[in-house]
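Visitor: Below is a structure I'd like to ask you about.
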Amino acid sequence: MDTQFLVSLSIIIASFALYIGIAIYNKAKETSDFYVAGRGISPFSNGMAIAADWMSAASFIGMAGTIMLLGYDGLAYIMGWTGGYLLLTFLLAPQLRKYGRYTVPEFIGDRYESHSARLIAAICTIIISFVYSIGQLSGSGVVIGRLLEVDAKVGTMIGVVLIAFYAAFGGMKGITWTQVAQYIILIIAYLIPVVFMSLQLTGNPIPWLSYGKIVGEFQQLDQQLGISQYTDPFLKGSKWQFLALMFTLMAGTAGLPHVIVRFYTVSTMKAARWSGAWALLFIGLLYLSAPAYAAFSRFILIKNVVGQKITELPAWTEKWINTGKLQIADANGDGILQWQEMVISNDIVVMATPEIANLGMFVIGLVAAGAMAAALSTAGGLMIAISSSFAHDIYYRILRPNASEQNRLLVARISIAAATVLAGLVALNPPGVITQIVAWAFAIAASTFFPALVLGVWWKRSNSAGAIAGMLVGLIVSLGYILAAKYGGFSIAGIVDTGAGVFGAAAALVANVVVSLMTKEPSQAVQEEVYDLRYPEQMTYKDGQVWMR
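Take the sequence shown: its position 130, counting from 1, is numbered 779 in my numbering, and each next residue is one higher.
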């Protein structure tokens, strides 16, 4: 075993032990602990947990690689995800917290006074979370596969075992504090390499200010290599695809059930707003760094690897070739590596960059631990979302309303283990790269939950028939477009599978409004309840004064 392997393995094992220890210490003993952490999390801690839950393997592993390979077109991911988080924080999160339920399907079922709407919402939650989790488990496979120098599929199954244990054991309470630790690890792991690269390439340790200089040099480098300009827009897709993807990610963010439920873990609407503010700060640290990471990585590859003799390439290339995520072929037979002769997966850029930039074995191991933290934090939240939808919304609220608390916890834990194993099996041969798979989950969320939640909070006339019609139409349109675009080559205005949410959301919104207007309006009690959601909670003190919070 080489020293690098031992260092990386030690860091990974230490972080795994920390996560498992936190889960055991914070074991969920009641259903409120399992689903909403007893509603006792502080806004600062919840902000960290939201950031870790939000910054998945797609953000940590895939985003910088996507921007590196797509250039300008990759910015749709950053703009969409960031904008969507603002939508969620200001448009929905405080109102949903005030309603005081455990899950998104529970809100929909009670707001629309319909078990059918609750069941459809629960099924949509399971579909969205399952698709999303495939990307996270695929990401954990990339990390563990490279660490152990085995096929990524073996790494995926190792990740499945770990997630199934700590998610099922700790529930939301354990996962919250695990995610706080995971955020600290992943953000340190992400920032250290980009700061060191900035110092190496520009002499300035602040990457957010220095990477513009590197981007400015790309025009000349790209011309020399005869490849497309890094900063030219819409080279990899149409303008409409860029806008559709951005909308899909924005609306999908505001409808993601595993992120929304994090706002239920605090005590008040005010705490929910502050959770959002802290989370935005913590998320911004990584999202503002991703374009710099992409620019530095591409620059180092072009300067130090492209143009070298294929027989004399750095040792790191062979190790990544063994994972199946890097392919090199001497297409023109000149023995020199050209940019076009290197096929590098979006998903390995962040993981490989510390080796490419020769940042040292500790940084390489730290990035591996950070990538695992990102994949595991989101996967844990997704498994809780799947579990709560099945065990709470379907099993308890519909099938067995008299089930004991112990029985409900058992069903919740079994459903987490089963969902994790099933998602892991699909992730062994993922249908796309991480960012693509995640975009599908966002498209489904944008097409089902976003219209139902927005209208449920801000339009009191929306009723159960409208909500059911909207979710079903949105689900069918988004899934249909994804499958037709992915496997049938179908597109409208150049919009491919990752932009499907724009069609699903529009169809769902129209269906909800039209059907609601054609059917009986909700009860007066529900309409008054919806109206009340828009205003802060009130606290009356002994002196009779009323304060808002």
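For glycine and all other residues, C-beta sits at the position ideal for the given N, C-alpha and C.
Does M1188 come out as helix, strand or coil in the three-state DSSP assignment?
Guide: Your numbering for residue 1188 matches position 539 in the sequence shown. For M1188, the predicted structure reports a pLDDT of 45, less than 50, and the residue's modelled location is therefore unreliable. A value from the coordinates is still provided. Looking at M1188 - three-state DSSP - the assignment turns out to be strand.
Visitor: Look at M1032 and A1068 and say whether their C-beta atoms are less than 8 angstroms apart.
Guide: Taking the first residue of the sequence shown as position 1, residue 1032 is located at position 383. Taking the first residue of the sequence shown as position 1, residue 1068 is located at position 419. Cβ distance < 8 angstroms, so M1032 and A1068 count as in contact.
Visitor: Between which two residues does the alpha helix (DSSP H) containing I977 stretch?
Guide: Numbered from 1 along the sequence shown, position 328 holds the residue referred to as residue 977. Run containing I977: none in the alpha helix (DSSP H); it sits in the beta strand (DSSP E), 975–977.
Visitor: Could you check the C-alpha separation between P692 and F1152 for me, to the nearest Å?
Guide: Mapped onto the sequence shown, residue 692 falls at position 43. Mapped onto the sequence shown, residue 1152 falls at position 503. Each residue's Cα considered, the two are about 35 angstroms apart.
Visitor: Compute the beta-carbon to beta-carbon distance between H907 and G733, rounded to the nearest angstrom, for a pair I have assumed lies under 8 angstroms.
Guide: Here residue 907 refers to the residue found at position 258 when the sequence shown is read from its first residue. Here residue 733 refers to the residue found at position 84 when the sequence shown is read from its first residue. Not a contact, Cβ separation roughly 14 angstroms.
Visitor: Please state the DSSP three-state secondary structure of M991.
Guide: As a position in the sequence shown, residue 991 is number 342, starting the count at 1. M991 falls in the strand class under three-state DSSP.
Visitor: Indicate the three-state DSSP secondary structure (helix, strand or coil) for K958 in the structure shown.
Guide: Counting from 1 along the sequence shown, the entry for residue 958 is found at position 309. Strand at K958.
Visitor: Mark M1188 as exposed unless 16 or more other C-beta atoms lie within 10 angstroms of its C-beta, in which case mark it buried.
Guide: As a working mapping, residue 1188 is identified with position 539 in the sequence shown. Caution is warranted here: a pLDDT of 45 is assigned to M1188, below 50, making its placement in the model unreliable, and the coordinate value is therefore given only provisionally. When all chains shown are included, M1188 counts as exposed.
Visitor: In its own chain, which residues sit with a C-beta less than 7 angstroms from the C-beta of T781, not counting the 5 before and 5 after it?
Guide: Translated into positions along the sequence shown, residue 781 becomes position 132. Reading off the sequence shown, one finds Tyr at residue 781, where the question assumed Thr. Cβ within range, chain order: L1031, V1087, A1090.
Visitor: Considering K952, what are the terminal residues of the alpha helix (DSSP H) in which it resides?
Guide: For this step, residue 952 is matched to residue 303 along the sequence shown. Note, K952: alpha helix (DSSP H), 939–953.
Visitor: Write down the C-beta distance between G784 and I1083 rounded to the nearest angstrom, noting that I regard them as a contact closer than 8 angstroms.
Guide: For the purposes of this step, residue 784 is taken as the residue at position 135 of the sequence shown. For the purposes of this step, residue 1083 is taken as the residue at position 434 of the sequence shown. About 5 angstroms; that satisfies the 8 angstroms criterion.
Visitor: Could you spell out where the alpha helix (DSSP H) holding S967 opens and where it closes?
Guide: Translated into the one-based positions of the sequence shown, residue 967 becomes position 318. For the sequence presented, residue 967 should be read as Glu rather than Ser. 964–971 is the span of the alpha helix (DSSP H), which, as asked, contains E967.
Visitor: Would you say the beta carbon of P906 is closer than 7 angstroms to some non-hydrogen atom of the ligand FMN?
Guide: This structure lacks the ligand FMN, and indeed carries no ligand of any kind.
Visitor: Buried or exposed, going by whether 16 or more other CB atoms sit within 10 Å of the CB of I1117?
Guide: Your numbering for residue 1117 matches position 468 in the sequence shown. When all chains shown are included, I1117 counts as buried.
Visitor: For I727, name the three-state secondary structure that DSSP assigns.
Guide: On the sequence shown, residue 727 is found 78 positions in, with the first residue counted as 1. Three-state result, I727: helix.
Visitor: Distance check for S994 and K958, CA to CA, integer angstroms please.
Guide: Translated into the one-based positions of the sequence shown, residue 958 becomes position 309. Translated into the one-based positions of the sequence shown, residue 994 becomes position 345. Between K958 and S994, the C-alpha separation is close to 21 angstroms.
Visitor: Per DSSP, what kind of secondary structure is I1141 in: helix, strand or coil?
Guide: By 1-based counting over the sequence shown, the position of residue 1141 is 492. Reduced to three states, the DSSP call for I1141 is strand.
Visitor: Considering only residues of the same chain and omitting the five flanking positions on each side of A725, which have a CB-CB separation below 6 angstroms?
Guide: In the sequence shown, the residue the question calls residue 725 occupies position 76. Closer than 6 angstroms at Cβ, skipping near neighbours: F891, L894, M895.
Visitor: Would you mind reading off the limits of the alpha helix (DSSP H) that contains I1005?
Guide: By 1-based counting over the sequence shown, the position of residue 1005 is 356. Per DSSP, I1005 belongs to the alpha helix (DSSP H) from 998–1005.
Visitor: Please determine if the region 745–756 and the region 974–993 are in contact, where contact requires at least 3 C-beta pairs separated by less than 8 angstroms.
Guide: Because the criterion of three Cβ pairs below 8 angstroms is not met, the region 745–756 and the region 974–993 do not touch.
Visitor: Does the region 857–877 come into contact with the region 1130–1139, if we say contact requires no fewer than three beta-carbon pairs (one atom in each stretch) closer than 8 angstroms?
Guide: In short, these stretches do not touch, since the Cβ pair count stays below three.
Visitor: For my contact list, I1013 and I775 are in at a C-beta cut-off of 8 angstroms; report their separation, rounded to the angstrom.
Guide: Residue numbering aside, residue 1013 sits at position 364 when the sequence shown is read from its first letter. Residue numbering aside, residue 775 sits at position 126 when the sequence shown is read from its first letter. About 37 angstroms separates the two Cβ atoms, so there is no contact after all.
Visitor: Measure the alpha-carbon distance for N1051 versus A1174 and round it to whole angstroms.
Guide: For the purposes of this step, residue 1051 is taken as residue 402 along the sequence shown, with counting starting at 1. For the purposes of this step, residue 1174 is taken as residue 525 along the sequence shown, with counting starting at 1. One C-alpha to the other measures close to 26 angstroms.
Visitor: Hey, could you find the ends of the alpha helix (DSSP H) L898 is sitting in?
Guide: As a working mapping, residue 898 is identified with position 249 in the sequence shown. From DSSP, the alpha helix (DSSP H) with L898 extends over 888–903.
Visitor: Shortest alpha-carbon distance to N1078 belongs to which of V791, A920, L658, W927?
Guide: Indexing the sequence shown from 1 puts residue 1078 at position 429. When each option's Cα is compared against that of N1078, the closest is V791.
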